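Here is the structure we will look at, set down as structure tokens.
Number of protein chains: 2
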Amino acid sequence: MNRHGSRSGTTMNDVAAAAGVSQATVSLVLNDAAGTRFSEETRQRVHAAANRLGYRTNAHAKVLRDGVAGMIGFVGDFVATAPFAGKIIEGAQAKAWESGLLLLTVNTGGDKALEAASLEAMLSYKVAGVVYAAMYHRVLDVPDVLAEVPAVVLNSRDRAGRFPSIAPQEEAGGYVATKRLLDAGHRRIAMINLGAPDGELPAAVGRYDGYRRALTEAGIDPDPGLHRIGDGHESGGFDNALALMTGKQPPTAVFCANDRTAWGAYQALAQLGLSVPGDVSVVGFDNQETLAPYLRPGLTTLELPFVGMGRRAVELLLAGAERDGRAEYFECPLVERQSVAVPREPSHLGTGTP
Amino acid sequence: MNRHGSRSGTTMNDVAAAAGVSQATVSLVLNDAAGTRFSEETRQRVHAAANRLGYRTNAHAKVLRDGVAGMIGFVGDFVATAPFAGKIIEGAQAKAWESGLLLLTVNTGGDKALEAASLEAMLSYKVAGVVYAAMYHRVLDVPDVLAEVPAVVLNSRDRAGRFPSIAPQEEAGGYVATKRLLDAGHRRIAMINLGAPDGELPAAVGRYDGYRRALTEAGIDPDPGLHRIGDGHESGGFDNALALMTGKQPPTAVFCANDRTAWGAYQALAQLGLSVPGDVSVVGFDNQETLAPYLRPGLTTLELPFVGMGRRAVELLLAGAERDGRAEYFECPLVERQSVAVPREPSHLGTGTP
DNA sequence: GCGGCCTGGTTATACGAATTACCAGCCCGG
DNA sequence: CCGGGCTGGTAATTCGTATAACCAGGCCGC
């Protein structure tokens, strides 16, 4: 007897010996193999012995024999930084678990060497597939080695178009957000967008396109002065909201490209003595669960359907979808809270500090 | 040639055949086994063949043969809910990776059946150990099955005292937070604590004890009216701060048992027209990176050293520490920002709405 | 009274890598 | 000219499981 129970574990041979049968019998009985017949008494003996000895199947032996492992690799560039990363993993894991699979996760933090090495390790473990997830929606280069296994790109798009991908419907989200404000009666609607590090940020581009489309459809010519670029953090929302509201013709509503930006806008508005939604209406994006419901007033925003996207990624993997660059886009539902109201009489605004 | 490269993968036998040597030679050469001698030419041929065929070792065969796998199990009850969960995983994974190990993660979301099943699966995969992590510091019951393998309880304590555990120094943290306020000159210091669902919440108890010790040491008799219990969310901070400040003898400083509570307090103070830290000083706990730096003013708070704790958990696992219930406590460093100042003249306060 | 067919199992093998034991050929010393 | 040692490898076995192939004994039919 060693430190932790029996180190190498009880094997089928041990069970067989204890039950007075052959190893094959143990395997067949325990797996309840179809088309085999054993006496009820033998089955009992086998099960009893297995329980008594604490038998647990050795997954490695099984995989070696069967050729395919019950694991899925999940490689992300984040986890630590993105508070909603957990949502993606939650969805992926839920689906994996339903299919009897375990998730082998690695978050690379952007370290390419670590990424390459982890992928090698995962492939060594014969994962059934790999989900390659990104912290934010962008266009990225997928490591070549992923071509050896079913793979799905999550929350981003493969530049080379070799892998199926899953991402949110950014344009539609931007449209819905803006439409919500238009429907409330707003005409001067600003947008505080995300900064695009490399000009390829679908989240920024798409949400902006949707914003413009909604305005145009409503017969409004988008005012370039009302489109501002923030940094995606609270400070970007703060600075830009401040600038917008103290400008010549301040908006009556602001669409913020993410909730953190909206939070910053709230703080700027509060500092200016403007109330949400009394003086200014605000719509966010992300529905970050630790933030949006707790802003005062609660933030009306678009939900990023991360749980569903995570699930779907694993589903695609398991479906063994034909390898192609097809992208699936998930709808971002509007989550209604209290940050939108009809615009105040124009006369009440104009200076930014009533 | 099938869909994803060679499905079952290139084996050593394939390499051996290609290089015109035996499988044993391939193994010995590729592993650079000590005490063996092969001609330089043979080595070259083997390496060339391995590269050409894209040989990758089958981890399962290796584990089966060697008896020990290069994986560590990480079971948590959160990920989705706790934004800082990633920090723990980040630390654990970093250390695991340095030791050449992969992390097999499962977040149970509190589902005991899933937890039991995942642990079974992990043990089947012969993980080198299991980190059993909790979302918040508490006393919990560790599943018996973990006795079969090295295990460490992270961010909690094992009720039965069978497993080593790692947790933050709550009491010291509460002391430092309170001391910071005392040193600034405050005498009436309130605390908005976390709710203890079962009366066994070390975070709440410990931080409170530290608070009391600091006050007592300073010759102040803790005023029970200044200790309030919130729900750990923004709303708990809001409601209690409102009550405190509109009470008979409002405090000049508030120690919030977590950052979210502090955020709520900020919002209540803003609503009352009180400024931080001009009218009221605030100290938080957690140093939540998406929150504390972005509050206005930045929140002075205590950092929960999750990355280090995660690392340490894996370290303990690998050290094969003797199994005992020894607990290690990590210091929570004070992170200084702008939410603490010297108290205003008492006369300026008193009503809560100057 | 013997072939055939159920019943209730067993034997043997493969999966892929690591490792131990062994071996052929050659050189050298005595 | 024979034994010993070195060089450069190979053969065989092991890990734990799944499964295809096989087999002994009893019973039945004809």
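Chains as they are written, first to last, in our numbering: chain D, 153 to 506; chain A, 153 to 506.
In this text, a Cβ means the ideal position worked out from N, Cα and C, and glycines have one as well.
Please read all numbers here as calculations on a predicted model, not as lab measurements.
Below 8 Å, enough C-beta pairs join the segment 278-296 of chain A and the segment 462-477 of chain A to call them touching: three or more. For R309 of chain D, DSSP records a beta bridge to D:V291. Taking A268 of chain A as the centre and dropping the five residues before and after it, the same chain places the C-beta of P295, V297 closer than 8 Å to its C-beta, in chain order. DSSP places Y284 of chain D within a strand segment (E or B) once states are collapsed to three. Within chain A, the residues placing a beta-carbon under 8 Å from that of A237 of chain D are G238, ordered along the chain. In terms of CA proximity to T398 of chain A, A:L426 leads the group A:G371, A:L426, A:D383, A:G416. Along the length of the segment 358-426 of chain D, whole beta strand (DSSP E) runs at least 3 residues long occupy 379-381, 405-408, reported in chain order. In this structure, A:E455 is the residue among A:K247, A:M164, A:E455 with its C-alpha nearest to the C-alpha of V487 of chain A.
Counted as a single uninterrupted DSSP element, the stretch harbouring L182 of chain A is not any beta strand (DSSP E) but the alpha helix (DSSP H) occupying residues 175-182.
A direct Cα-to-Cα measurement between I372 of chain A and R364 of chain A gives close to 9 Å. With its beta carbon less than 9 Å from one in chain D, T209 of chain A belongs to the interface. Below the 7 Å Cβ cutoff, chain A contributes no neighbours of T177 of chain D, its closest Cβ being approximately 21 Å away. Nearest CB-CB separation between Y446 of chain D and chain A: below the 9 Å threshold. Judged by their CB atoms, L396 of chain A and A342 of chain A are nearer to each other than the 9 Å cut-off.
Bridge pairing for I318 of chain A: A:L306, A:E480 [DSSP].
Closest in C-alpha terms to A336 of chain A, from the list A:A171, A:T260, A:S276, A:A493, comes A:A493. Look at L454 of chain A here: in three-state DSSP terms it is strand.
Our two residues, S270 of chain A and E272 of chain D, have alpha carbons roughly 24 Å apart in a direct line. Under the DSSP assignment, V301 of chain A falls outside any beta strand (DSSP E); it carries neither an H nor an E label. Under the Cβ criterion of 9 Å, Q490 of chain A is not counted among the residues facing chain D. Minimum Cα-Cα distance from H199 of chain D among the listed residues D:G187, D:A211, D:N183 corresponds to D:N183. When rounded, the separation of the alpha-carbon atoms in G377 of chain D and P320 of chain D is 27 Å. It is roughly 13 Å from the alpha-carbon of G228 of chain A to the alpha-carbon of D293 of chain A.
Assignment of D166 of chain A by DSSP, reduced to helix, strand and coil, places it in the helix class.
Taking 9 Å as the cut-off, the Cβ atoms of Q419 of chain A and E386 of chain A count as close.
Taking 9 Å as the cut-off, the beta carbon of E480 of chain D is found no closer than this to the beta carbon of I241 of chain D. With fewer than 16 other Cβ atoms from the protein chains shown falling within 10 Å of its own Cβ, A185 of chain D counts as exposed. 9 Å or more divides the Cβ of G477 of chain D from the Cβ of G347 of chain D. Under DSSP, N345 of chain D shares a beta bridge with D:I381. Setting aside the 5 residues that flank it on each side, N410 of chain D is surrounded in the same chain by L346, G384, G436, F437, D438, each with a C-beta closer than 7 Å to its C-beta; the list follows chain order.
Collapsing the DSSP output to three states places T188 of chain A in coil. Beyond the five residues adjoining it in sequence on each side, E352 of chain D comes within less than 8 Å, by CB distance, of R290, V291 in the same chain, given in chain order. A286 of chain A and Y327 of chain A have their C-alpha atoms some 24 Å from each other. Neighbours of K264 of chain D across chain A, judged by C-beta separation under 8 Å, do not exist; the nearest C-beta is about 14 Å away. At the C-beta level, D361 of chain A and E300 of chain A stay beyond 9 Å of one another.
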